[in-house]
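Quick notes on the structure that follows.
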Amino acid sequence: MSQRGKKQGPGAGNTVAVCTRLAQPVAEELGLQLWDVRFVKEGADWYLRFFIDREGGVTIDDCEEMSRRMDKLLDEADPIACSYCLEVSSPGVERELSRPEHFEQFLGWPVKVRTIRPVDGVREFVGLLERWDGETASLEIEEEDGCRHVFSRKDVASVHLTEEWEDVPEEDA
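All residue numbers in the sequence shown are consecutive under our numbering, ending with 1176.
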């Protein structure tokens, strides 16, 4: 993690979009998938986080190499006006699904859906991700004997894979 001081570069636009455009070719060159990019404030500090993945998982060396290359590119492009910490890591076992390709990749896998507002007094639902059409997710809830819930994207705070791997389809395990 490195602390960086930056001024706003010309035409930087949306920070995450600019940083994603910078990182995508680097990730591909390293044989990695750029899972997500986040620019978030936690307390008084800003964090620019790159989440990378590859079949079989990423290593600390993958994270270090991506970080070194992004450090140089970010110095040159100068897309962020404030000081921030640069972090590169794996999205983890219980990764958040946030992009359409994430949902498509993990259809049939166990997920935890957290809603913005309670649905019948409940905000967290665990089940198999059955369907994703870009606006709604259909979830089969195991505990309720095959009950299905359909969640609109606007009503969902987050969707994460769960560690309940025994329900993962054999060909994906």
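Here a beta-carbon is modelled for each residue, glycine too, at the ideal position from N, C-alpha and C.
Burial of Asp-1039 is indicated by the presence of at least 16 other C-beta atoms within 10 angstroms of its C-beta. DSSP, reduced to helix, strand and coil, places Ser-1161 within a strand of the structure shown. Its chain contains His-1163, Leu-1164, Thr-1165, Glu-1166 as the residues whose beta carbon lies nearer than 7 Å to that of Glu-1097, once the 5 sequence neighbours on both sides are disregarded; these appear in chain order. Contact annotation: Phe-1053 and Glu-1090 have beta-carbon atoms nearer than 9 Å. By a beta-carbon distance limit of 8 Å, Cys-1066 contacts Ile-1055. Their separation comes to about 7 Å. A distance below 9 Å separates the beta carbons of Met-1069 and Ala-1030. In the displayed model, Asp-1056 falls within a strand according to three-state DSSP. Note that the C-beta distance between Val-1159 and Arg-1117 is below 9 Å.
The beta carbon of Leu-1051 sits closer than 6 Å to the beta carbons of Phe-1042, Tyr-1087, Leu-1089 from its chain, once the five residues preceding and following it are set aside; these are given in chain order. Apart from the 5 residues on each side of it in sequence, Gly-1060 sits with its Cβ closer than 8 Å to the Cβ of Ser-1093 in its chain, given in chain order.
In this structure, DSSP gives Phe-1106 a helical state, which the three-state scheme calls helix.
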